[in-house]
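Engineer: Here's a structure for you.
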Amino acid sequence: MPSNATTTELYPVDSRQQQSLYLAETVRQLEQQAITKLGSDGGFLLMQRAAGALLQLLQQHWPAPCNILVYAGNGNNGGDGYLLAALARACGYEVRLYQHGDHAKLGKTAQLAAAAAAKAGVPLVAEFAEAELLIDALFGIGLNRPLDQTTAELIRHINQSGKPVLAVDIPSGLSADSGVAMPVAVKASCTLSFIGLKAGLLMQDGLDHCGQLWLSSLQLAGELAGFAAACHSLAASDVGGLLPVRRANCHKGHFGHVLVIGGDHGFGGAAIMTAQAAVNCGAGLVSLYSRSEHASAMLSRQPEVMVSSNDCCHLLQKASVIAIGPGLGKASWGQALMAQALATDKPLLLDADALNFIASLPDRQQASLKRQNWVLTPHPGEAARLLNCSNNDIQQNRLAAIAQLQQRFGGVILLKGAGTLICDQQGEVSLLAAAHPALASGGMGDVLTGIIAALLAQGLSGRDACQLGAWLHLDAAAGFVRQQQQPWLVATDLIPQLKLQLIN
2 MPSNATTTEL
12 YPVDSRQQQS
22 LYLAETVRQL
32 EQQAITKLGS
42 DGGFLLMQRA
52 AGALLQLLQQ
62 HWPAPCNILV
72 YAGNGNNGGD
82 GYLLAALARA
92 CGYEVRLYQH
102 GDHAKLGKTA
112 QLAAAAAAKA
122 GVPLVAEFAE
132 AELLIDALFG
142 IGLNRPLDQT
152 TAELIRHINQ
162 SGKPVLAVDI
172 PSGLSADSGV
182 AMPVAVKASC
192 TLSFIGLKAG
202 LLMQDGLDHC
212 GQLWLSSLQL
222 AGELAGFAAA
232 CHSLAASDVG
242 GLLPVRRANC
252 HKGHFGHVLV
262 IGGDHGFGGA
272 AIMTAQAAVN
282 CGAGLVSLYS
292 RSEHASAMLS
302 RQPEVMVSSN
312 DCCHLLQKAS
322 VIAIGPGLGK
332 ASWGQALMAQ
342 ALATDKPLLL
352 DADALNFIAS
362 LPDRQQASLK
372 RQNWVLTPHP
382 GEAARLLNCS
392 NNDIQQNRLA
402 AIAQLQQRFG
412 GVILLKGAGT
422 LICDQQGEVS
432 LLAAAHPALA
442 SGGMGDVLTG
452 IIAALLAQGL
462 SGRDACQLGA
472 WLHLDAAAGF
482 VRQQQQPWLV
492 ATDLIPQLKL
502 QLIN
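Put into structure tokens, the structure is as follows:
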């Protein structure tokens with residue numbers, strides 16, 4: 002093996018630091034470009050570099066002697082597994098190989114890797130064997146269809162083994178672009194990704210399946226700089242300085258007036274939580290326009306909120322930011338309020354039933370509403386209605402979905418979910434590469450709406466308000482859960498925690 006084959010740069014991926022994330026096709030294009038530059042043996046040289054990086058990580062986490070079972074697929078990912086098996090055996094590990102798929106169809110590069118493993122004396126096993134460590138080299142980033150039943154059962158067997166798993170490039174069964182398991186994926190203890198981080202590693206099911214994530218560029222970092230990233234993950238440094246420093250000589254008028262519109266009969270809670278969150282995230286003034294029956298509940302919970310059920314036009318004129326949709330309903334009352342809000346030129350934040358109202362309009366009327374000074378915050382179901390497709394369509398390609406939403410409606414789009422995406426007016430996409438199960442309860446979106454509205458009122462741009470708001474929302478949930486025994490909370494638990502997050 003050439004000496005430079007094992008020269009690797011290997012580093013752990015911190016999801017709270019900014020990372021450039023790429024689509025699988027971009028990585029494939031770069032890989033093919035590199036192979037062409039490297040010459041006739043370029044593909045095998047890259048495979049050697051990958052195996053060398055895997056060996057380095059293996060020796061860090063599972064020092065020899067260690068009993069290893071390598072699950073090798075019949076593609077280049079399997080080739081990486083073959084070469085790792087040969088290297089590990091030479092370093093004193095007890096290694097065996099389990100072949101999955103038709104290995105008579107191995108490509109030329111993978112054939113060379115299989116020959117290297119055979120030459121090193123790595124034995125093949127016909128059935129599952131006991132091992133202290135499993136290597137997942139079944140599928141790489143090329144997987145673009147649901148797994149067949151046999152492969153799905155194999156992955157379930159791996160997951161049920163209780164053994165640590167090192168995944169090669171990406172956990173098998175995971176979509177490199179969307180992070181969706183198809184329909185199952187290997188739950189790795191550790192994943193070593195090559196060349197560039199794939200977007201799917203840090204969103205949706207990828208958040209649960211990668212374990213500790215590492216990256217090796219395979220000496221192609223310089224070439225990668227010439228390719229566009231699909232998005233960038235948010236870092237603490239990106240959001241830490243967004244909230245303006247407050248001068249001593251200031252008053253409430255300096256921090257904006259949020260008007261929350263919503264809460265039809267029986268739906269007052271959503272609008273009340275939005276108004277509460279806005280107060281607790283620093284808006285100078287907060288008003289709620291809602292049904293009169295909700296006034297006493299609002300004032301008992303947050304007396305700082307001014308409540309009205311008359312003359313919405315006057316409030317619209319006074320407000321600096323309008324948040325509409327929580328509990329708005331689909332009846333004539335909510336539709337009339339939507340028409341009034343859309344007629345203003347004030348910055349808008351549309352959520353919940355406001356988004357459903359937009360989705361119900363004819364295409365031509367939707368196009369006429371496109372504007373740059375609004376923020377839309379759909380969850381996948383609302384996004385599907387806005388784009389006239391299925392929820393599954395959204396989740397299978399969230400990056401494409403948010404780009405389509407921004408092109409169609411303008412402004413800033415925040416697409417909720419495990420790995421919240423934010424697309425600004427220039428089409429730049431950022432990813433909050435984290436999620437928390439404590440946020441999986443009713444009313445959390447209403448609280449997020451209030452957070453973002455308060456930040457907009459304090460002068461943040463739509464992009465900055467969404468980025469900081471999503472970060473605070475997640476951190477507040479994680480912080481609260483750390484203080485209690487159960488892994489869940491209700492939306493109103495989150496509101497007092499927001500002040501602590503802003504201070505910290």
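Here the sequence shown is numbered in my numbering, starting from 2 and rising by one per residue.
Glycine is no exception: its CB is placed at the ideal position from the N, C-alpha and C atoms.
Taking C-beta to C-beta, are Ala231 and His210 nearer than 8 Å?
Structural biologist: no
Engineer: In chain order, what residues of the same chain lie with their CB nearer than 8 Å to the CB of Ile156, ignoring the 5 residues before and after it?
Structural biologist: Leu139, Leu148, Ser173, Gly174, Val185, Ala186, Val187
Engineer: DSSP three-state label for Trp334, please.
Structural biologist: helix
Engineer: Using the C-alpha atoms, what's the distance from Gly264 back to Ile496?
Structural biologist: Approximately 19 Å, taken between the alpha carbons.
Engineer: Which of the three DSSP states, helix, strand or coil, is assigned to Asn77?
Structural biologist: The three-state secondary structure of Asn77, taken from DSSP, is helix.
Engineer: Where in the stretch 309-395 do unbroken runs of the beta strand (DSSP E), each at least 3 residues long, occur, reported from the N-terminal end onward?
Structural biologist: 322-325, 349-351, 375-377
Engineer: My guess is that His255 and Gly207 are in contact by the Cβ rule of under 8 Å, so how many angstroms apart are they, rounded?
Structural biologist: Going by Cβ atoms, the distance from His255 to Gly207 rounds to 42 Å, so no, they are not a contact pair.
Engineer: Quick one: what's got a C-beta closer than 8 Å to Leu11's C-beta in the same chain, skipping five residues either side?
Structural biologist: The beta carbon of Leu11 is closer than 8 Å to those of Ala54, Gln57, Leu58, Leu193, Trp215, Leu216, Ser217 in its chain, skipping five residues each way along the sequence.
Engineer: Whose CA, out of Pro13, Ala116, Phe268, lies closest to the CA of Ser291?
Structural biologist: Measuring from the Cα of Ser291, the nearest candidate turns out to be Phe268.
Engineer: Just to confirm before moving on: does the CB-CB distance between Ala153 and Leu70 stay below 8 Å?
Structural biologist: no
Engineer: Could you tell me if Asn145 is buried or exposed, where buried requires 16 or more neighbouring beta carbons within 10 angstroms of its beta carbon?
Structural biologist: The residue is exposed, with fewer than 16 neighbouring Cβ atoms inside 10 Å.
Engineer: Residues in the same chain with beta-carbon distance under 6 Å from Leu88, minus the five sequence neighbours each way, listed in chain order, please.
Structural biologist: Ala52, Leu56.
Engineer: Residues in the same chain with beta-carbon distance under 8 Å from His258, minus the five sequence neighbours each way, listed in chain order, please.
Structural biologist: Ala284, Gly285, Leu286, Val287, Ser288, Lys319, Ala320, Ser321, Val322, Ala458
Engineer: If I follow the unbroken beta strand (DSSP E) through Cys191, where does it start and stop?
Structural biologist: From DSSP, the beta strand (DSSP E) with Cys191 extends over 191-195.
Engineer: What is the residue span of the alpha helix (DSSP H) that His266 lies within?
Structural biologist: Unbroken run through His266: none, as it is neither H nor E.
Engineer: Going by beta-carbon coordinates alone, are Leu203 and Leu469 separated by less than 8 Å?
Structural biologist: no
Engineer: Check the DSSP bridge columns for Tyr72 and list the partner residues they point to.
Structural biologist: Tyr99, Asp137
Engineer: Whether or not the stretch 325-339 and the stretch 348-360 are in contact is what I'm after, with contact meaning three or more pairs of Cβ atoms, one per stretch, closer than 8 Å; do they touch?
Structural biologist: yes
Engineer: Looking only at its chain, what residues have a beta carbon closer than 8 Å to the beta carbon of Gly93, apart from the 5 residues adjacent to it on each side?
Structural biologist: Ala65, Pro66
Engineer: Note down the Cα distance separating Gln60 from Ala127, rounded to an integer number of angstroms.
Structural biologist: 27 Å
Engineer: Look up Ser21 in the DSSP assignment and give the residues it is bridged to.
Structural biologist: His233
Engineer: I need the DSSP call for Gln397, collapsed to helix, strand or coil.
Structural biologist: helix
Engineer: Using the rule of at least 16 other Cβ atoms within 10 Å of the residue's Cβ for burial, across every protein chain shown, is Thr110 buried or exposed?
Structural biologist: Per the 10 Å Cβ criterion, buried.
Engineer: Does the beta-carbon distance from Ala324 to Leu350 come in below 8 Å?
Structural biologist: yes
Engineer: Among all the DSSP beta bridges, which residues are the ones paired with Ile414?
Structural biologist: Partner(s): Leu377, Cys424.
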